[in-house]
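A.B. asks:
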Amino acid sequence: MSGSLIEDRAMAIPTPADYTLAPDCERLQHLPGEFGLPLLGITPELLRDQLGLARRFYERYGAVSRIQMARQKGVLALGPDLAQTILLDKEQNFSSQMGYKWSLSPYFGEYYLLGKDFDEHKFQRRVMQTGFKTAAMRGYVDMMNPILARGIADWGHTEDFHFYPAIKELLLAMALKVFYGVDGGSSVAGDLSGAFIDITEGMLGLFHVDLPGFRYRRGQRGKRRVEAYLSGLLPAARREERQDMLAYMAKEVRPDGNLFSDQELVDHANFLLFAAHDTTTSTLTHMMYYLARYPEWQQRIREEGSAVNDGGELGYDDLASLPLLEATFFESQRLHPSVGVMARRTLRDCKLGGLDVLANTLVFQFPMFTNRMDNWWQDPDSFDPARFLAPRQEQKSHPFAFMPFGGGAHKCIGMHFGSMQARLFTHLFLQRYEISLPPGHKASFQTVPLPKLRDDLPLHLRPLS
Numbered sequence: 063m064s065g066s067l068i069e070d071r072a073m074a075i076p077t078p079a080d081y082t083l084a085p086d087c088e089r090l091q092h093l094p095g096e097f098g099l100p101l102l103g104i105t106p107e108l109l110r111d112q113l114g115l116a117r118r119f120y121e122r123y124g125a126v127s128r129i130q131m132a133r134q135k136g137v138l139a140l141g142p143d144l145a146q147t148i149l150l151d152k153e154q155n156f157s158s159q160m161g162y163k164w165s166l167s168p169y170f171g172e173y174y175l176l177g178k179d180f181d182e183h184k185f186q187r188r189v190m191q192t193g194f195k196t197a198a199m200r201g202y203v204d205m206m207n208p209i210l211a212r213g214i215a216d217w218g219h220t221e222d223f224h225f226y227p228a229i230k231e232l233l234l235a236m237a238l239k240v241f242y243g244v245d246g247g248s249s250v251a252g253d254l255s256g257a258f259i260d261i262t263e264g265m266l267g268l269f270h271v272d273l274p275g276f277r278y279r280r281g282q283r284g285k286r287r288v289e290a291y292l293s294g295l296l297p298a299a300r301r302e303e304r305q306d307m308l309a310y311m312a313k314e315v316r317p318d319g320n321l322f323s324d325q326e327l328v329d330h331a332n333f334l335l336f337a338a339h340d341t342t343t344s345t346l347t348h349m350m351y352y353l354a355r356y357p358e359w360q361q362r363i364r365e366e367g368s369a370v371n372d373g374g375e376l377g378y379d380d381l382a383s384l385p386l387l388e389a390t391f392f393e394s395q396r397l398h399p400s401v402g403v404m405a406r407r408t409l410r411d412c413k414l415g416g417l418d419v420l421a422n423t424l425v426f427q428f429p430m431f432t433n434r435m436d437n438w439w440q441d442p443d444s445f446d447p448a449r450f451l452a453p454r455q456e457q458k459s460h461p462f463a464f465m466p467f468g469g470g471a472h473k474c475i476g477m478h479f480g481s482m483q484a485r486l487f488t489h490l491f492l493q494r495y496e497i498s499l500p501p502g503h504k505a506s507f508q509t510v511p512l513p514k515l516r517d518d519l520p521l522h523l524r525p526l527s
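Basically the working numbering = 1-based index in the sequence shown + 62.
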C-alpha cells in the first residue's frame, strides 16, 4: 500500500498537453478543512470577516486546508512559506491563467496579464515595458499633479464629504489622462465608472449565465462598454505622438517587428485601468482613515512634505525624500491589501505543507492573513508605519511576509506607478487640509469584492492657510 494519495494515483499519469482543457480537480476530502454551505461555500463568512475566517481555518486546520468560495472548491494556503513556493513557482507548477479563469477572465478577455502563464505571460508583458520605464513615469507625474490639485481644491466646497466616491472619481479622471490620453470629463468618467461597477457586480455572481436578472449579464454589459470605448481610442493612439500609456502600448512591437493586435491592446488596457484605479482607490481610502484616526501621523507626514519644495507639487525625484509617507502607504497596504484573494491552479500533483495536492487543484491565498501574522509582525493588528523604517524594518522578517504587489513572474508591473500616485495625492491633500473623522465614528471594513470602508469614509476637511 502506497504512502500518499499522489502515489495512489500512479505518477505515470501525465499532465495534459494543454492543461487549460482540464476541469478543476475537486478531490479534496483527504485534506482537513470544510466546504461550508451548498453552492455558497464559506462565502457569507468571507464577506463578513475574511481575516477572522482565515485565522479560524489556520488555527483549526493548519496552513493548508480545503475550502469552497462561491462555486469554487480548492485549497487555502496560508503563510509566507507557502506564498513563496506558489508565487516564485520555480518548477512552473502553478497556473495564474487557470486560477483566475472563472473569476476574472470572463470580464477582461484573453490577453490580460493575470490570464497568461510562463512564456506567453513574459511575451505579453512586453506590451507595457516602455510605459512603466522611468522616463515615462516622470511624464506621468507632470500629468497627474494638476489634475489632483484641481480635484482636491474642489473638495473644500463639498458638504457631507465622503472620501471613497470622491477619490474614486478623481483617480478615474487622472487615470483616463495618464493611461488613455483622454481629458476625462464627467460624462466619460461617469460612464466608465458605471461600466466598472457593472464588472465588479458581475464578479459576485454565482452563475455565469448571460441572461437578464443574472449578475454575470451585468458584468458582460460593462465589459462590452469598456471594450467599445477603448477600440475607439486605438487609431489615434497608434497614429499620434503622445506620452500616455495607451500610446506607448500601441507602438510597442513584438520580437518579429509587428505591432500587438487591437484585441491584445484592448484586453491589457481594460484590465490595467480597472486594476490600477480600484486598487489605489482602496489603498488611499484606508490611508486617509488611519491618518484621520491618528492625527500625530498626519502631522508628521505634513511636516515631512513641507520640507520638500516648500510643500508644493512633488517631482518624480522628490518621492525618495518622503520615507514617512512611503511607510504609511505600506502600512495601509499591510493592514488592508488591495487584492484580497490570490489564485493559482496546479498543473501537476505536488505537496503543499506536507499534504498531497492533486493536479488541476485551485489554490487560494489571503495576503491579509500573512500580513498580520504575529510570527513576523509586532502587534500586527495595530497601525504603526514605523515598523517599515530602520531599525525595525519588520517587512524583512521573511521574503514573503509582506507582498502588497504579489511576487514572482506575476508581480504587479504597475507597483511603482500605484505607489507613486498614492504618494503624490496624499502629499497634496495633507498640505491643503487637516482631516478628521466624525465624532463617534466606528469603522466597518469590507474585503470582497474590493476592500473599502462600508460607509465610504465620511471626513471633515479643515482648510489650512
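Note that the Cβ used here is the ideal one computed from N, Cα and C, for glycine as well.
Quick check on DSSP: helix, strand or coil for Gln305?
C.D. replies: Within the sequence shown, numbered from 1, the residue matching residue 305 stands at position 243. Coil at Gln305, not helix or strand.
A.B. asks: Candidates Pro274, Phe97, Gln112: which alpha carbon is nearest Pro429's?
C.D. replies: For the purposes of this step, residue 429 is taken as the residue at position 367 of the sequence shown. The shortest C-alpha separation from Pro429 is found at Gln112.
A.B. asks: Would you call the stretch 400–411 and the stretch 149–158 touching, i.e. three or more CB-CB distances under 8 Å?
C.D. replies: Yes: the two stretches touch, three or more of their Cβ pairs being nearer than 8 Å.
A.B. asks: When burial is assigned at 16 or more other CB atoms within 10 Å of the CB, is Ala72 buried or exposed?
C.D. replies: Within the sequence shown, residue 72 is the residue found at index 10, counting from 1. Low local confidence applies: a pLDDT of 45 at Ala72 is under 50, so the model's placement there is unreliable, with the coordinate-based value given in what follows. Flag for Ala72 reads exposed.
A.B. asks: In this structure, does DSSP put Val510 in helix, strand or coil?
C.D. replies: Reading the sequence shown from its first residue, position 448 is the one you call residue 510. The answer is coil: DSSP assigns Val510 none of H, G, I, E or B.
A.B. asks: For the alpha helix (DSSP H) containing Ser368, name the first residue and the last one.
C.D. replies: In the sequence shown, residue 368 corresponds to position 306, counting from 1. Counting along the chain, the alpha helix (DSSP H) containing Ser368 begins and ends at 357–368.
A.B. asks: Is it buried or exposed for Ser527, if we count other Cβ within 10 angstroms and need 16 for buried?
C.D. replies: As a first step, residue 527 must be located in the sequence shown, where it is residue number 465. Answer is exposed; the Cβ neighbour count stays below 16.
A.B. asks: Examine the Cβ distances between the stretch 445–456 and the stretch 132–140 and report whether three or more of them are shorter than 8 Å.
C.D. replies: No, the stretch 445–456 is not in contact with the stretch 132–140.
A.B. asks: Can you tell me the Cα-Cα spacing of Tyr351 and Leu210, whole angstroms?
C.D. replies: If you number the sequence shown from 1, residue 351 lands on position 289. If you number the sequence shown from 1, residue 210 lands on position 148. Rounded to whole angstroms, Tyr351 to Leu210 spans 19 Å at the Cα level.
A.B. asks: Whose C-beta lies closer than 6 Å to the C-beta of Val244 among residues of the same chain, with five residues either side of it excluded?
C.D. replies: Here the question's residue 244 lines up with position 182 in the sequence shown. Correct list, in chain order: Leu238.
A.B. asks: Would you be able to state if there are at least three C-beta pairs under 8 Å between the stretch 163–183 and the stretch 325–343?
C.D. replies: Yes: at least three Cβ pairs fall under 8 Å.
A.B. asks: Of the residues Thr509, Met205, Tyr174, which one's Cα is nearest the Cα of Thr105?
C.D. replies: Against the sequence shown, residue 105 aligns to sequence position 43. The candidate whose alpha carbon is nearest that of Thr105 is Thr509.
A.B. asks: So, at 7 Å on beta carbons, what are the nonlocal neighbours of Asp380 in its own chain, with the 5 sequence-adjacent residues on each side left out?
C.D. replies: Translated into the one-based positions of the sequence shown, residue 380 becomes position 318. If we look at Asp380 and ignore the five residues flanking it on each side, its Cβ neighbours are Val370, Asn371.
A.B. asks: By how many angstroms is the C-alpha of Ala197 removed from the C-alpha of Gly476?
C.D. replies: Taking the first residue of the sequence shown as position 1, residue 476 is located at position 414. Taking the first residue of the sequence shown as position 1, residue 197 is located at position 135. About 14 Å.
A.B. asks: Cβ-heavy atom distance between Leu521 and the ligand NAD below 7 Å?
C.D. replies: Annotation note on the ligand NAD: not contained in the displayed structure, which lists no ligands.
A.B. asks: Roughly how many angstroms separate the alpha carbons of Ala228 and Leu414, rounded to a whole number?
C.D. replies: If you number the sequence shown from 1, residue 228 lands on position 166. If you number the sequence shown from 1, residue 414 lands on position 352. Going by the C-alpha atoms only, they are around 43 Å apart.
A.B. asks: When you compare the CB positions of Thr345 and Ser255, do they come within less than 8 Å of one another, or not?
C.D. replies: For the purposes of this step, residue 345 is taken as the residue at position 283 of the sequence shown. For the purposes of this step, residue 255 is taken as the residue at position 193 of the sequence shown. Taking 8 Å as the Cβ cut-off, Thr345 and Ser255 do not qualify as a contacting pair.
A.B. asks: Starting from the C-beta of Leu176, find all residues in its chain whose C-beta is less than 7 Å away, skip the five residues before and the five after it, and write them out in chain order.
C.D. replies: Counting from 1 along the sequence shown, the entry for residue 176 is found at position 114. These residues qualify, in order along the chain: Ser158, Tyr162, Leu166, His472.
A.B. asks: Residues in the same chain with beta-carbon distance under 7 Å from Val315, minus the five sequence neighbours each way, listed in chain order, please.
C.D. replies: Locating residue 315 in the sequence shown gives position 253, counting from the first residue. Contacts found: Leu321.
A.B. asks: Here's a check: name, in chain order, each residue in its chain whose Cβ is nearer than 7 Å to the Cβ of Leu101, leaving out the five neighbours to either side.
C.D. replies: As a position in the sequence shown, residue 101 is number 39, starting the count at 1. The answer, listed in chain order, is Arg133, Leu268.
A.B. asks: Excluding the 5 residues flanking Gln440 on each side, which residues of the same chain have their C-beta closer than 7 Å to its C-beta?
C.D. replies: Translated into positions along the sequence shown, residue 440 becomes position 378. If we look at Gln440 and ignore the five residues flanking it on each side, its Cβ neighbours are Arg449, Glu456.
A.B. asks: Shortest alpha-carbon distance to Cys474 belongs to which of Asp222, Phe194, Gln91?
C.D. replies: Taking the first residue of the sequence shown as 1, we reach residue 474 at position 412. Of the listed residues, the one whose Cα sits closest to Cys474 is Phe194.
A.B. asks: Buried or exposed for Lys184, going by 16 or more other Cβ atoms inside 10 Å?
C.D. replies: On the sequence shown, position 122 is the one that residue 184 refers to. Per the 10 Å Cβ criterion, exposed.
A.B. asks: Between the beta-carbon of Leu521 and the beta-carbon of Phe223, is there less than 8 Å?
C.D. replies: For this step, residue 521 is matched to residue 459 along the sequence shown. For this step, residue 223 is matched to residue 161 along the sequence shown. Yes, they are a contact pair.
A.B. asks: Tell me whether the beta-carbon of Phe431 lies closer than 8 Å to the beta-carbon of Arg117.
C.D. replies: Here the question's residue 431 lines up with position 369 in the sequence shown. Here the question's residue 117 lines up with position 55 in the sequence shown. The answer is yes: Cβ separation under 8 Å.
A.B. asks: Kindly indicate which three-state DSSP category Tyr495 falls into: helix, strand or coil?
C.D. replies: The residue you call residue 495 lines up with position 433 of the sequence shown. Of the three classes helix, strand and coil, the one that applies to Tyr495 here is strand, per DSSP.
A.B. asks: So the beta strand (DSSP E) Lys135 belongs to, where does it begin and stop?
C.D. replies: Your numbering for residue 135 matches position 73 in the sequence shown. Element bounds for Lys135: 134–139.
A.B. asks: Given 8 Å as the limit, is there contact between the stretch 485–500 and the stretch 382–402, that is, 3 or more CB pairs closer than that?
C.D. replies: Verdict: yes, contact present.
A.B. asks: Can you tell me whether DSSP reads Val419 as helix, strand or coil?
C.D. replies: For the purposes of this step, residue 419 is identified with residue 357 of the sequence shown, where counting begins at 1. Three-state result, Val419: strand.
A.B. asks: Quick one: residues in its chain with C-beta nearer than 6 Å to the C-beta of His398, no 5 flanking neighbours on either side, listed in chain order?
C.D. replies: Within the sequence shown, the letter at position 336 stands for residue 398. Counting only Cβ-Cβ distances below 6 Å, and skipping sequence neighbours, we find His348, Pro513.
A.B. asks: Please decide whether Phe333 counts as near chain B, where near means a Cβ-Cβ distance under 8 Å.
C.D. replies: The displayed structure is made up of one protein chain only, and chain B is not part of it.
A.B. asks: Please go through the same chain and pick out, in chain order, the residues whose beta-carbon is closer than 8 Å to the beta-carbon of Glu393, but skip the five residues on each side of it.
C.D. replies: In the sequence shown, counting from the first residue as 1, residue 393 sits at position 331. Excluding positions up to five away in sequence, the list reads Tyr352, Phe445, Asp446, Pro447, Arg449, Phe450.
A.B. asks: Here's the rule I'm using: 16 or more other beta-carbon atoms within 10 Å means buried, otherwise exposed. How should Asn433 be labelled?
C.D. replies: The count along the sequence shown starts at 1 and reaches residue 433 at position 371. When all chains shown are included, Asn433 counts as buried.
A.B. asks: How many Å lie between Tyr242 and Lys152 at the Cα?
C.D. replies: As a working mapping, residue 242 is identified with position 180 in the sequence shown. As a working mapping, residue 152 is identified with position 90 in the sequence shown. Rounded to the nearest angstrom, the two C-alpha atoms are 36 Å apart.
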